[in-house]
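Order-wise, the sequence lines are chains S and L. Each residue of the first sequence is one higher than the last, beginning at 0 in numbering that gives the first Met the number 0. Each residue of the second sequence is one higher than the last, beginning at 0 in numbering that gives the first Met the number 0. Every residue gets a Cβ at the ideal spot worked out from N, C-alpha and C, and that includes glycine. On a predicted model such as this, the values are computed, not experimentally measured, just so you know. Structure, as structure tokens:
Protein chains: 2
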Amino acid sequence: MGIFEKKDIRKTAFRQKVLDVFYQNENSITIGQIETAIGKHDRITLYRTIKTFLDAGLIHEIVMPGDVKKLALCNDCEHGPNEHAAHHQHNHIHFHCAQCQEVICVDNELPNIDLEGYQIDSIEIQARGVCASCL
Amino acid sequence: MGIFEKKDIRKTAFRQKVLDVFYQNENSITIGQIETAIGKHDRITLYRTIKTFLDAGLIHEIVMPGDVKKLALCNDCEHGPNEHAAHHQHNHIHFHCAQCQEVICVDNELPNIDLEGYQIDSIEIQARGVCASCL
DNA sequence: ATATTTTTGCAACATTGTTGCATTTTATGG
DNA sequence: CCATAAAATGCAACAATGTTGCAAAAATAT
Chain S
0 MGIFEKKDIR KTAFRQKVLD VFYQNENSIT IGQIETAIGK HDRITLYRTI KTFLDAGLIH
60 EIVMPGDVKK LALCNDCEHG PNEHAAHHQH NHIHFHCAQC QEVICVDNEL PNIDLEGYQI
120 DSIEIQARGV CASCL
Chain L
0 MGIFEKKDIR KTAFRQKVLD VFYQNENSIT IGQIETAIGK HDRITLYRTI KTFLDAGLIH
60 EIVMPGDVKK LALCNDCEHG PNEHAAHHQH NHIHFHCAQC QEVICVDNEL PNIDLEGYQI
120 DSIEIQARGV CASCL
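Here it is as structure tokens:
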């Protein structure tokens, strides 16, 4: 059973191409990287494809401090099929390496955070530093 | 001694107006809110003013999941004058209230996070839920 | 194979942000 | 206070990123 069937997304040549770019990159990628990789395809279609993937929970969006925006495959994310990407729960920390500039999803137990008087539904953590490969 | 002198930023009518918008809003605001508040001023100047404020450490930028981008005054941030906004250290958590949609800087001790093999220089935490006022 | 639904591509547009340059404003120093 | 230097402003033009409506094409279902 392929990823398309599992997530109820139609399998098209274009979408397979986009998905391949994700598989070919270990860490998260930018929309620009996808555009370069798939060649002279229509930008609109790509944006819609990404939205479809996001809605299906196939990928997730990472917004790092400094307006670094990336996309990454969801491997271990807890999500239902209709959950909006913005409220998507991750069991990992998004790590931005200052050296190789990669944004990496590091599997890690999220710390328990309690804010007096606040009801916390989800938490996102972004870290910056030097990644394991660059150290 | 005013905030301009302290941060070595020139005091102009325009900048005072922009700063007032920050003071008039308890929590973080969007560039759009500032544009509306200050009236028909030049957008370019506003962008440059914001950049100046960011560089001076007067305000900081908050990027929340779902492309919510906000600006907030820095009250308790640890930063030097030349430190870039992206690497700005906060002692608070950015909290997005799902009800009032405000993005609030909640003063809180940041949890100690240790990632095996990674060198962590800074951490940003975003939480989502219901804020104290809305509960 | 045909009908239905979804995806794609095009054109046009909207938003957000940037750069260069001339002008104005603010601060500085006699 | 006036001249000068430095910085901020406003304009025009541009660039990047993302969206909408609609017709054509492709994929799925009958």
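Legend entry - Residue of L/G38, L/G116, L/L72, L/G65 minimising C-alpha distance to S/E123: Comparing Cα positions, the closest option is L/G65.
Inset, instruction - Output yes if chain L places a C-beta closer than 9 Å to the C-beta of S/Y46; else output no. - result: So, not an interface residue.
Inset, instruction - Might you give, ordered along the chain, the residues of its own chain that have their beta carbon closer than 7 Å to the beta carbon of S/F52, omitting 5 neighbours on each side? - result: Excluding sequence positions up to five before and after S/F52, its CB lies within less than 7 Å of the CB of I58, all in the same chain and listed in chain order.
Legend entry - Alpha-carbon to alpha-carbon, S/A12 and S/Q23: Roughly 16 Å between the two C-alpha positions.
Inset, instruction - Give, in chain order, every unbroken run of the beta strand (DSSP E) that is at least 3 residues long and sits entirely within the segment 35-119 of chain L. - result: Counting only runs that start and end inside the segment 35-119 of chain L, the beta strand (DSSP E) elements of at least 3 residues fall at 58-63, 67-72, 91-96, 102-106.
Inset, instruction - Please go through the same chain and pick out, in chain order, the residues whose beta-carbon is closer than 6 Å to the beta-carbon of L/A126, but skip the five residues on each side of it. - result: Closer than 6 Å at the Cβ level, and outside the excluded window around L/A126, lie I92, F94.
Legend entry - DSSP state of L/A131 mapped onto helix, strand, coil: Residue state, collapsed to three classes: coil.
Legend entry - Contact between the segment 35-48 of chain S and the segment 104-112 of chain S (3+ Cβ pairs under 8 Å): The segment 35-48 of chain S makes no contact with the segment 104-112 of chain S, as fewer than three CB pairs between them are under 8 Å.
Legend entry - Segment limits, alpha helix (DSSP H) that includes S/K16: In the DSSP assignment, S/K16 falls within the unbroken alpha helix (DSSP H) covering 12-23.
Inset, instruction - Given a cut-off of 9 Å, decide if L/G128 and S/Q118 are closer than it, judged by their beta-carbon atoms. - result: Cβ distance < 9 Å, so S/Q118 and L/G128 count as in contact.
Legend entry - Three-way DSSP call (helix, strand, coil) for S/I8 in this model: S/I8: coil per DSSP, three-state reduction.
Inset, instruction - Taking C-beta pairs closer than 7 Å, name the residues in chain S that L/I119 reaches, listed in chain order. - result: One finds A126, G128 in chain S with Cβ atoms closer than 7 Å to the Cβ of L/I119, taken in chain order.
Legend entry - Sub-9 Å separation of L/C133 and L/C96 beta-carbons: Yes, Cβ-Cβ distance for L/C133 and L/C96 is below 9 Å.
Legend entry - Contact set between S/I92 and chain L, taken where Cβ atoms lie within less than 8 Å: Under the 8 Å cutoff, chain L gives I112, L114.
Legend entry - Spatial distance of S/F21 from L/R9 (CA atoms): About 47 Å.
Legend entry - CB contact below 9 Å: L/V62 versus chain S: So yes, L/V62 belongs to the interface.
Inset, instruction - Find the nearest neighbour of L/T29 within the set L/L70, L/D54, L/G38, judged by alpha-carbon distance. - result: For L/T29, the nearest C-alpha among the options comes from L/L70.
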